[in-house]
Amino acid sequence: MINKEQNISKDLFAPAHVDLSKSEKISKPSLNFWQDSWLRVRKNKGAVVSLFIMVILIIMAFVGPFLTPYAYDTQNVAHANLPPRIQGLEHVSWLPFNGELTRKDGTVIHPYETGNVKEYYWFGTDGLGRDIFARIWKGTQISLLIAFVAAFMDMLIGVSYGAFSGYIGGRIDNIMQRIVEVIMGIPNLIVVVLMILVLKPGITPIIIAISITGWTSMARVVRAQVLKLKNQEYVLAAKTLGASDKSIIFKHMIPNMFGIIIINTMFSIPNAIFFEAFLSFIGLGLQEPKASLGTLINDGFTSMIAFPYQMIIPAVMISLIMIVFNLIADGLRDALDPKMRD
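So for the sequence shown, the UniProt record's numbering puts the first residue at 1; every next one is plus one.
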């Protein structure tokens with residue numbers, strides 16, 4: 001009788017038969033944080049197109065000056081103020097690269113024919129006969145160099161300062177934040193003028209001026225994140241295991257803030273490019289014969305009415321760079337934000 005009851009109980013509690021062919025399967029692969037972020041970036045068409053354009057611009061910034069036989073600083077007054085002309089497009093009247101200029105009264109002139117110029121200047125020449133195509137890409141190279149170096153310095157100083165301030169806390173944090181507020185109250189233009197008085201006008205004082213005042217926003221963002229993370233369980237566990245403060249900050253906290261750091265860095269790059277262009281436009285940036293997008297816009301502004309291409313081309317270039325970096329930063333912000341996950 002007992003054996004019969006045991007057999008019945010075993011039958012009642014026997015595991016159910018599962019048909020594996022009909023069972024549900026997890027179709028989505030296991031992805032880490034960066035793989036999942038990249039998939040979400042790829043869904044953002046604006047960010048992908050902007051990333052592709054950015055790669056082309058960076059490549060052309062270094063390759064472009066070598067695609068033309070004319071150096072960016074070589075002057076040829078006999079070929080001054082020539083409009084853009086590209087081989088094969090001389091007879092296409094509706095394109096702006098046929099070597100023709102239209103005056104305000106509607107008269108069309110042909111500077112290449114009247115000056116017996118056989119060369120082709122793809123973006124035309126400026127008032128000193130310098131090739132604008134070579135100068136555009138050389139200026140893009142210098143502007144990107146200044147922006148990337150300044151953004152790297154902002155990230156390096158801002159992340160270290162903000163992480164240390166937020167982690168230590170207390171009176172030291174209070175003093176460090178008052179220093180940040182003082183620096184934020186100093187206008188960038190004053191710092192640039194002081195740097196130019198101390199150093200020669202050029203790339204170095206611009207980078208130093210941007211770095212002195214540009215890291216404060218990064219420091220505040222990182223400090224806020226550290227204040228939120230320093231009481232998390234994994235930080236307390238690292239302290240319990242005897243990890244040093246430096247190890248906790250740089251090995252545990254900062255890797256968890258990579259998304260925010262990357263986003264702020266990407267937004268600081270177009271700001272640095274615009275600030276450099278502004279300085280060059282008002283005459284506080286690079287000096288001749290060096291070229292940047294700001295100096296090219298400044299040179300084209302003086303002859304904008306007679307030769308509009310000298311200002312339109314660098315203005316379009318700097319606008320394109322600003323739009324591209326802002327769209328990439330927006331795409332990264334959406335992709336790296338955990339709240340935006342599907």
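Backbone N, C-alpha and C define an ideal beta-carbon position, used for all residues, glycine too.
Between the options, which lies nearest to residue i when the distance is taken from Cα to Cα?
i, options, result
"Ile-321", "Gly-166, Val-41, Ala-61, Gln-35", "Ala-61"
"Ile-273", "Gly-285, Ile-196, Ser-143", "Ser-143"
"Glu-288", "Ile-53, Tyr-72, Ala-47", "Tyr-72"
"Pro-205", "Tyr-161, Tyr-234, Ile-157, Gly-285", "Gly-285"
"Ile-59", "Trp-137, Tyr-120, Met-311", "Trp-137"
"Asn-231", "Ile-109, Met-253, Tyr-161, Asp-334", "Met-253"
"Thr-114", "Tyr-121, Glu-100, Lys-104, Trp-122", "Glu-100"
"Ala-329", "Ile-262, Ile-172, Leu-67, Asp-173", "Ile-262"
"Trp-215", "Leu-156, Ile-318, Asn-326", "Leu-156"
"Thr-74", "Ser-319, Lys-290, Thr-240, Leu-327", "Lys-290"
"Leu-95", "Trp-122, Asn-44, Arg-40, Val-193", "Trp-122"
"Ser-160", "Phe-281, Val-55, Ala-277, Lys-251", "Lys-251"
"Ala-78", "Tyr-112, Val-193, Thr-240", "Tyr-112"
Thinking C-beta only, is residue j closer than 8 Å to residue i?
i, j, result
"Ile-183", "Thr-213", "yes"
"Val-180", "Ala-224", "no"
"Pro-308", "Leu-293", "no"
"Ile-146", "Ile-203", "yes"
"Met-266", "Leu-332", "yes"
"Val-226", "Ala-163", "yes"
"residue 371", "Ala-80", "Past the boundaries of the shown model lies residue 371; the chain is included only from 1 to 342, so the question cannot be answered."
"Ala-134", "Tyr-70", "yes"
"Asn-76", "Leu-89", "no"
"Val-324", "Ile-109", "no"
"Gly-300", "Met-311", "yes"
"Gly-46", "Leu-327", "yes"
"Val-221", "Asn-264", "yes"
Rounded to whole angstroms, what is the Cα-Cα separation between residue i and residue j?
i, j, result
"Phe-275", "Ile-269", "10 Å"
"Gln-177", "Asp-131", "49 Å"
"Ile-190", "Ala-209", "9 Å"
"Pro-187", "Met-304", "30 Å"
"Asn-256", "Gly-129", "53 Å"
"Ile-207", "Asp-154", "10 Å"
"Ile-297", "Val-117", "26 Å"
"Gly-283", "Lys-246", "44 Å"
"residue 370", "Asp-36", "Outside the shown range of the chain (1 to 342) lies residue 370, about which nothing can therefore be said."
"Thr-140", "Ser-211", "20 Å"
"Gly-158", "Thr-102", "51 Å"
"Asp-334", "Ser-217", "20 Å"
"residue 390", "Val-48", "This structure cannot speak to residue 390, because the chain is shown only from 1 to 342."
"Ile-260", "Ser-319", "25 Å"
"Thr-302", "Lys-200", "25 Å"
"Asp-173", "Phe-66", "51 Å"
"Ile-229", "Asn-271", "Note on identity: in this sequence residue 229 is Leu, with Ile being the wrong assignment. For Leu-229 and Asn-271, the distance between alpha carbons rounds to 29 Å."
"Thr-68", "Arg-171", "60 Å"
"Val-242", "Ser-165", "It should be pointed out that residue 242 corresponds to Gly in this sequence rather than to Val. Cα to Cα, the separation comes out at about 21 Å."
"Thr-295", "Ala-277", "7 Å"
"residue 350", "Val-193", "Outside the shown range of the chain (1 to 342) lies residue 350, about which nothing can therefore be said."
"Ala-306", "Arg-42", "44 Å"
"Phe-258", "Trp-38", "14 Å"
"Tyr-120", "Asn-44", "39 Å"
"Leu-57", "Lys-104", "34 Å"
"Leu-236", "Arg-40", "32 Å"
"Leu-281", "Ile-175", "Sequence check: residue 281 is Phe here, not Leu. When rounded, the distance between both Cα atoms is 37 Å."
"Val-55", "Thr-240", "46 Å"
"Ala-238", "Ser-244", "8 Å"
Does the ligand SAH have a heavy atom nearer than 7 Å to the CB of residue i?
i, result
"Ile-146", "This structure lacks the ligand SAH; in fact it carries no ligand of any kind."
Fully enclosed by the segment 280–307, which alpha helix (DSSP H) runs are 4 residues long or longer? Counting only runs of 4+ residues, the alpha helix (DSSP H) found wholly inside the segment 280–307 occupies 293–302, in chain order.
Between the segment 74–87 and the segment 139–156, do at least 3 Cβ pairs fall closer than 8 Å? Because the criterion of three Cβ pairs below 8 Å is not met, the segment 74–87 and the segment 139–156 do not touch.
Threshold first: 4 residues or longer. Then list the alpha helix (DSSP H) segments lying entirely within the segment 58–128, N to C. If we require 4 residues or more, the alpha helix (DSSP H) runs fully inside the segment 58–128 come out as 111–114.
Kindly provide the ranges of any alpha helix (DSSP H) runs that are 4 or more residues long and lie completely inside the segment 139–163, ordered along the chain. Entirely contained in the segment 139–163, not one alpha helix (DSSP H) run reaches 4 residues.
Unbroken alpha helix (DSSP H) runs of length 4 or more, entirely within the segment 167–197: which are they? Taken in chain order, the unbroken stretches of alpha helix (DSSP H) that lie wholly in the segment 167–197 and span 4 residues or more are 170–184.
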